[in-house]
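Asker: In the numbering used here, the protein residues as written are 110 to 190. Below you will find the structure I want to go over with you.
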């Protein structure tokens with residue numbers, strides 16, 4: 110009887126772990142589908158998150174702009190001659 114109890118307890122623990130992993134994946138999938146603005150709106154501090162999102166977007170744009178400018182100048186232009 111003890112071995113059956115321990116086996117059931119072990120199976121229950123495995124089931125709970127699997128269920129927790131599935132829930133974590135489901136939550137992750139839901140978050141990936143949400144827009145940044147929706148995530149910010151759902152948070153307890155939407156102003157802080159929104160300003161962080163805007164800052165990150167601006168930094169990303171600046172990095173892309175710098176990379177494009179660097180690539181343009183690296184290949185040279187017809188005005189360089």
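Ideal Cβ positions, reconstructed from N, Cα and C, are used throughout, including at glycine. As the structure is a prediction and not an experimental result, all values here were calculated from the model.
Please classify residue 149: is it buried, with 16 or more other beta-carbons within 10 angstroms of its beta-carbon, or exposed?
Answerer: Classification of residue 149: buried, given that the 10 Å Cβ count is 16 or more.
Asker: So what's residue 143 in DSSP terms, helix, strand or just coil?
Answerer: Residue state, collapsed to three classes: coil.
Asker: Do you know offhand how far residue 117's Cα is from residue 136's?
Answerer: So the alpha carbons of these two residues sit roughly 28 Å apart.
Asker: Taking only the alpha-carbon atoms, compute the straight-line gap between residue 173 and residue 179 and give it to the nearest angstrom.
Answerer: Cα to Cα, the separation comes out at about 10 Å.
Asker: Would you call the region 157 to 170 and the region 140 to 149 in contact, with 3 or more CB pairs under 8 Å?
Answerer: A contact exists between the region 157 to 170 and the region 140 to 149.
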